[in-house]
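Engineer:
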Amino acid sequence: NAGVTQTPKFQVLKTGQSMTLQCAQDMNHEYMSWYRQDPGMGLRLIHYSVGAGITDQGEVPNGYNVSRSTTEDFPLRLLSAAPSQTSVYFCASSYRASGVNEQFFGPGTRLTVL
Amino acid sequence: GNSVTQMEGPVTLSEEAFLTINCTYTATGYPSLFWYVQYPGEGLQLLLKATKADDKGSNKGFEATYRKETTSFHLEKGSVQVSDSAVYFCALSDGDYGQNFVFGPGTRLSVLP
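Top line first, the protein sequences correspond to chains F and R.
In this text, residue positions in the first sequence follow my numbering: the first is 30, and each later residue adds one.
In this text, residue positions in the second sequence follow my numbering: the first is 158, and each later residue adds one.
#1: With a threshold of 7 angstroms between beta carbons, is R/Phe219 in contact with chain F?
#2: Whether or not the segment 95-102 of chain F and the segment 161-176 of chain R are in contact is what I'm after, with contact meaning three or more pairs of Cβ atoms, one per stretch, closer than 8 angstroms; do they touch?
#3: To the nearest angstrom, how far is it from the Cα of R/Cys180 to the Cα of R/Phe191?
#4: Quick check on the burial criterion: 16 or more other C-beta atoms within 10 angstroms. Buried or exposed for R/Ile178?
#5: Mapping DSSP to helix, strand and coil, what is R/Asp241?
#6: Rounded to whole angstroms, what's the CA-CA distance from R/Glu172 to F/Gly80? Just pull it up for me.
#7: Candidates R/Glu220, R/Val259, R/Thr185 and R/Phe260: which alpha carbon is nearest R/Ser236's?
#8: Restricting to runs no shorter than 3 residues, where is the beta strand (DSSP E) found entirely within the segment 87-137 of chain F?
#9: Do R/Gly214 and R/Leu205 have their CB atoms nearer than 7 angstroms?
#10: In whole angstroms, what is the alpha-carbon distance linking F/Met61 and F/Ser123?
#11: Pull up the distance between the alpha-carbon of F/Leu72 and that of F/Thr34, whole angstroms please.
#12: In chain R, which residues lie with their C-beta within 7 angstroms of the C-beta of F/Gly71?
#13: Below 7 angstroms CB to CB, which residues in the same chain sit around R/Ala243 once its five sequence neighbours on both sides are set aside?
#14: Just the Cα atoms here: how many angstroms apart are R/Leu269 and R/Glu233?
#15: Considering only the beta carbon of each residue, do F/Leu105 and F/Leu50 sit closer than 7 angstroms?
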């Protein structure tokens, strides 16, 4: 299994540009999520999905859109990039198991917005 | 809401020293508790976990005990190695799917030879 994969690894955008960060998992996990990691702030949840066709907002959803058309894929879209979105983005997935919600993380995408 | 507090560091130790990274949490229910580790340039990996009070999670020489009375989940290792240098995150989850995953700010550990 490849686990959770993310592309690209690095990206530089200009203010106002749009782009999509890709995330895929091959573990048949129901739950997928996107986080951003900023210095001194840990990881903050952007959006999550509990299954195909179902998405919801996390702690910091503004400026980001998601969709979940398949179990495997959960892309994150930046419609109009802003310097405040410079961050490292992690995708994660997990299965639903009573009492255990371990998440598996991708390697991350480092995004710089100029 | 739920929250996790941990010492932010950085923590610098010599090889074979004893490690403690403190973690306390606030939660309304009975969350599962986790320690994740992030090596340079990589994503987060689960280090250990505990799902109920008094459970002890352990892996690679690291241990942490779920203490409900003190709402704590401190990470310990008896003898650290240079290869343990990384950022360590304490986290909790109280949702069915993990949508209520909350991370601490992370503690950077550097181990010197």
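Each residue gets a CB set at the ideal place from its N, CA and C atoms; glycine is no exception.
As the structure is a computational prediction, the values presented were derived from the model and not from experiment.
Structural biologist: To lay it out plainly:
#1: Here the question's residue 219 of chain R lines up with position 62 in the second sequence. No, because no Cβ of chain F sits closer than 7 angstroms to the Cβ of R/Phe219.
#2: no
#3: Translated into positions along the second sequence, residue 180 of chain R becomes position 23. Translated into positions along the second sequence, residue 191 of chain R becomes position 34. Straight-line Cα distance between these residues: approximately 10 angstroms.
#4: Looking up residue 178 of chain R in the second sequence gives position 21. The residue is buried, with at least 16 neighbouring Cβ atoms inside 10 Å.
#5: Translated into the one-based positions of the second sequence, residue 241 of chain R becomes position 84. Residue state, collapsed to three classes: helix.
#6: Within the second sequence, residue 172 of chain R is the residue found at index 15, counting from 1. Within the first sequence, residue 80 of chain F is the residue found at index 51, counting from 1. When rounded, the distance between both Cα atoms is 45 angstroms.
#7: Taking the second sequence and counting its residues from 1, one reaches residue 236 of chain R at position 79. Comparing Cα-Cα distances from R/Ser236 to each of R/Glu220, R/Val259, R/Thr185 and R/Phe260, the minimum goes to R/Glu220.
#8: 93-95, 105-107 and 116-123
#9: Translated into the one-based positions of the second sequence, residue 214 of chain R becomes position 57. Translated into the one-based positions of the second sequence, residue 205 of chain R becomes position 48. Yes, the Cβ-Cβ distance between R/Gly214 and R/Leu205 is below 7 angstroms.
#10: The residue labelled residue 61 of chain F in the question sits at position 32 within the first sequence. The residue labelled residue 123 of chain F in the question sits at position 94 within the first sequence. Rounded to whole angstroms, F/Met61 to F/Ser123 spans 7 angstroms at the Cα level.
#11: As a first step, residue 72 of chain F must be located in the first sequence, where it is residue number 43. As a first step, residue 34 of chain F must be located in the first sequence, where it is residue number 5. Distance between the alpha carbons of F/Leu72 and F/Thr34 is about 18 angstroms.
#12: Counted from its first residue, the first sequence places residue 71 of chain F at position 42. Here the neighbours are Phe246, Phe260, Gly261, Pro262 and Gly263.
#13: Taking the second sequence and counting its residues from 1, the one referred to as residue 243 of chain R is at position 86. Closer than 7 angstroms at Cβ, skipping near neighbours: Val194, Gln195, Tyr196 and Leu266.
#14: Along the second sequence, one-based indexing puts residue 269 of chain R at 112. Along the second sequence, one-based indexing puts residue 233 of chain R at 76. Taking the straight line joining both Cα atoms gives about 18 angstroms.
#15: Sequence index remark: in the first sequence, residue 105 of chain F carries index 76 (1-based). Sequence index remark: in the first sequence, residue 50 of chain F carries index 21 (1-based). Yes, they are a contact pair.
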